[in-house]
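Chemist:
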Amino acid sequence: MLAHDVPLQALVSFARHAKKNLPDDLEAVGKLDANLDMRRHQWKVEWQGAGTTSGFRLRSSHAKAELALDRIPFVISSSLNHPLATPRTRVAPGTSASETYLDVGPFNIALGRATPAVVRGSLSPSGYNLGIAGDVQLQRLLQLARNIGVPSAQPSADGPAKIDLHLAGNWQAFVPPKANGRMQ
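Right under this line is the structure:
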């Protein structure tokens, strides 16, 4: 199955139904291209494929942020050994239950410093795990957090920071993500 020039706004609209705290006025421009393969093995469906976005921009007047993301590579796979697999989705050898995973990145994101930060992550039907590392301007990082639905403080303080942050969580019941990492 080929997906060519899929508007990214459609994915943002879908994300609003799956993720709490996304800004109501969040808009996306850009397109998605992908090549996906679906295979059915008795009762189980397996997905494989890859793609990229182009011209990807997110903006929100409410969050006072515009982010230029441009090209984001991604891979879709069904795997029992994926790092995001949970005990519920891991099964005994010889059985065939697994989840489908969307691995995103790595991709660069400019957050107010000369060198962009690097983002990568994994999403599945049951949860997500995202990481961002590199140099950022504090206010730009907080704008990013608000754009992706992570509640964040709005201090007037600003300045450069070096970060290695991770967000992880489950989709069920709109539970807020668990954040950990370092910022200097």
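Each residue of the sequence shown is one higher than the one before, starting from 224 at the first, in the numbering used here. Positions of the beta carbon are idealized from the N, C-alpha and C atoms, including for glycine.
Enumerate, from N- to C-terminal direction, the unbroken beta strand (DSSP E) stretches of 3 or more residues contained entirely within the region 366 to 403.
Modeler: Taking only runs of at least 3 residues, the beta strand (DSSP E) segments lying wholly in the region 366 to 403 are 383 to 393.
Chemist: Tell me the rounded alpha-carbon separation between R346 and G335.
Modeler: Here residue 346 is Leu; the residue named in the question, Arg, does not match the sequence. Roughly 27 Å between the two C-alpha positions.
Chemist: Report back the beta-carbon spacing between T275 and I299 to the nearest angstrom; my notes put them in contact at under 8 Å.
Modeler: Between I299 and T275 the Cβ distance is about 12 Å, and since that is not below 8 Å, they are no contact.
Chemist: Thinking just about the alpha-carbon of each residue, which of A251, L245, V373, H227 is nearest to the one in A233?
Modeler: Cα-wise, what sits closest to A233 is A251.
Chemist: Give me the DSSP bridge partner(s) of Q360.
Modeler: P383
Chemist: Mapping the DSSP letters down to three states, classify R294 as helix, strand or coil.
Modeler: coil
Chemist: Over the uninterrupted beta strand (DSSP E) stretch that includes T323, give me the two end residues.
Modeler: 323 to 332
Chemist: Should A380 and L361 be called a contact, given that it needs their Cβ atoms to be closer than 8 Å?
Modeler: yes
Chemist: Less than 8 Å between the beta carbons of P339 and G357, yes or no?
Modeler: yes
Chemist: Given this structure, state the Cα-to-Cα distance separating L388 from G350, to the nearest angstrom.
Modeler: 17 Å
Chemist: Any idea which residues DSSP pairs D260 with across the strands?
Modeler: Q271
Chemist: How many Å lie between M406 and V341 at the Cα?
Modeler: A direct Cα-to-Cα measurement between M406 and V341 gives close to 14 Å.
Chemist: In angstroms with no decimal places, state the Cα-to-Cα distance between H222 and L364.
Modeler: Here the chain covers residues 224 to 407 and nothing more, so residue 222 does not appear.
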